[in-house]
């Protein structure tokens with residue numbers, strides 16, 4: 429009898445908890461769409477509400493780079509420069525540059541972070557939008573100098589680890605998958621190249637194909653003896669398919685792909701430039717001062733390119 433009473437008490441307690449859970453305000457709404465939480469409704473990862481990010485955006489990976497570029501922005505309507513750091517690692521600045529409203533957003537690294545940015549920024553921006561990535565990269569050609577800037581004018585391809593190969597379910601297929609090229613917006617890309625050449629000099633700006641990888645390690649051909657990666661020939665295979673590949677990093681393809689996939693067509697325009705930090709064939713690595721200079725001068729040029737773009 430005592431056991432039955434205890435069981436009944438537990439059932440009542442669980443019922444109360446279930447009732448309370450349904451009565452409490454949900455942590456977010458629209459779980460099968462682009463969820464938002466709070467009032468005003470903020471998208472979950474970049475943390476922004478409607479209107480807090482501009483239609484013209486420079487997207488970077490590192491918070492210090494975003495802070496550096498925010499120094500070129502002017503306060504909007506006397507309210508100061510907008511700044512918001514989300515609890516998921518995103519940092520956004522919004523202000524004025526050359527008479528246009530612009531934002532600088534730091535997203536961290538990788539395909540998923542770029543996915544969060546592109547989709548959630550699109551959700552809180554009204555009208556057409558344009559985003560230019562300013563990142564860092566490794567160079568795949570020995571003639572590409574560190575400290576200079578490379579632009580993905582010829583598009584970006586994605587290299588991915590083929591998980592089915594490694595778990596044995598598709599051991600007869602290649603360990604890595606390589607997509608076809610996804611292209612930037614022509615007009616925005618031309619504006620980016622022109623602005624960078626004006627600011628840095630034509631000899632410091634290189635154009636070619638970007639390779640985006642889903643890992644810093646395996647799918648970029650780095651040797652890690654602690655893991656079975658089967659990637660010793662990967663970079664050679666990439667260059668065999670794309671001889672004009674000059675850079676390898678982790679975000680550009682996703683930005684281009686989502687901009688091309690955005691509806692209505694043409695409402696999201698994208699381009700990308702990266703500072704050459706390391707040359708993979710030669711082993712050269714950029715110095716801190718040269719990197720900072722390229723980020724500053726190049727970043728201001730991208731702000732100018734976006735400022736001049738007619739949306």
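Numbering (our numbering), first residue to last: 429 to 739. We put the CB at the ideal spot given by N, CA and C, even for glycine. On a predicted model such as this, the values are computed, not experimentally measured, just so you know.
Might you give, ordered along the chain, the residues of its own chain that have their beta carbon closer than 7 Å to the beta carbon of residue i, omitting 5 neighbours on each side?
| i | result |
| --- | --- |
| residue 725 | 627, 628 |
| residue 713 | 574, 705, 706 |
| residue 697 | 558, 613, 616, 687 |
| residue 599 | 593 |
| residue 588 | 604, 605, 642, 647 |
| residue 551 | 462, 471 |
What does the Cβ neighbour count give for residue i, buried or exposed, with the cut at 16 atoms within 10 Å?
| i | result |
| --- | --- |
| residue 692 | exposed |
| residue 664 | exposed |
| residue 539 | buried |
| residue 507 | exposed |
| residue 460 | exposed |
| residue 677 | buried |
| residue 515 | exposed |
| residue 439 | exposed |
| residue 739 | exposed |
| residue 544 | buried |
| residue 533 | buried |
| residue 659 | buried |
| residue 654 | exposed |
| residue 455 | exposed |
| residue 436 | exposed |
In the DSSP assignment, the beta strand (DSSP E) including residue i goes from what residue to what residue?
| i | result |
| --- | --- |
| residue 534 | 528-534 |
| residue 521 | 519-525 |
| residue 584 | 584-589 |
| residue 641 | 637-641 |
| residue 494 | No beta strand (DSSP E) holds residue 494; the alpha helix (DSSP H) holding it covers 491-498. |
| residue 510 | 510-513 |
| residue 606 | 604-606 |
By DSSP's criteria, residue i is part of a beta bridge. Which residues make up the other side?
| i | result |
| --- | --- |
| residue 690 | None; residue 690 has no bridge partner. |
| residue 485 | 531, 559 |
| residue 505 | Partner(s): none; residue 505 has no beta bridge. |
| residue 672 | Paired residue(s): none; residue 672 is not in a bridge. |
| residue 566 | 676, 706 |
| residue 632 | None, per the DSSP bridge assignment. |
| residue 713 | 706 |
| residue 439 | Note: residue 439 sits in no beta bridge, so no partner. |
| residue 471 | 464 |
| residue 697 | 558 |
| residue 457 | 464 |
For the alpha helix (DSSP H) that contains residue i, what are its first and last residues?
| i | result |
| --- | --- |
| residue 721 | 716-736 |
| residue 382 | Absent from the structure is residue 382, since the part of the chain shown begins at 429 and ends at 739. |
| residue 578 | No alpha helix (DSSP H) holds residue 578; the beta strand (DSSP E) holding it covers 577-579. |
Contact check, residue i vs residue j under 8 Å by CB: the rounded distance?
| i | j | result |
| --- | --- | --- |
| residue 477 | residue 469 | 6 Å |
| residue 674 | residue 585 | 12 Å between Cβ atoms; not a contact. |
| residue 535 | residue 489 | 6 Å |
| residue 504 | residue 520 | Their Cβ separation, rounded to whole angstroms, is 13 Å, which puts residue 504 and residue 520 out of contact at 8 Å. |
| residue 649 | residue 610 | Contact doesn't hold; Cβ gap of about 21 Å is too wide. |
| residue 548 | residue 473 | 6 Å |
| residue 695 | residue 556 | 5 Å |
| residue 493 | residue 528 | Between residue 528 and residue 493 the Cβ distance is about 20 Å, and since that is not below 8 Å, they are no contact. |
| residue 530 | residue 690 | About 19 Å; that fails the 8 Å criterion. |
| residue 512 | residue 480 | 7 Å |
| residue 699 | residue 560 | 5 Å |
| residue 671 | residue 570 | About 13 Å separates the two Cβ atoms, so there is no contact after all. |
To which residues of the same chain is residue i closer than 6 Å at the C-beta, ignoring the five residues directly before and after it?
| i | result |
| --- | --- |
| residue 542 | 679, 682, 683 |
| residue 635 | 579, 581 |
Using a Cβ-based criterion (distance less than 7 Å to any ligand heavy atom), does residue i qualify as near the ligand MN?
| i | result |
| --- | --- |
| residue 503 | Of ligands this structure carries none, so the ligand MN is not represented either. |
Ordered along the chain, which non-local residues of its own chain (more than five positions away) have a Cβ less than 8 Å from that of residue i?
| i | result |
| --- | --- |
| residue 577 | 624, 628, 632, 633, 634, 701, 702, 703, 704, 722, 726 |
| residue 458 | 464 |
| residue 719 | 564, 575, 703, 705 |
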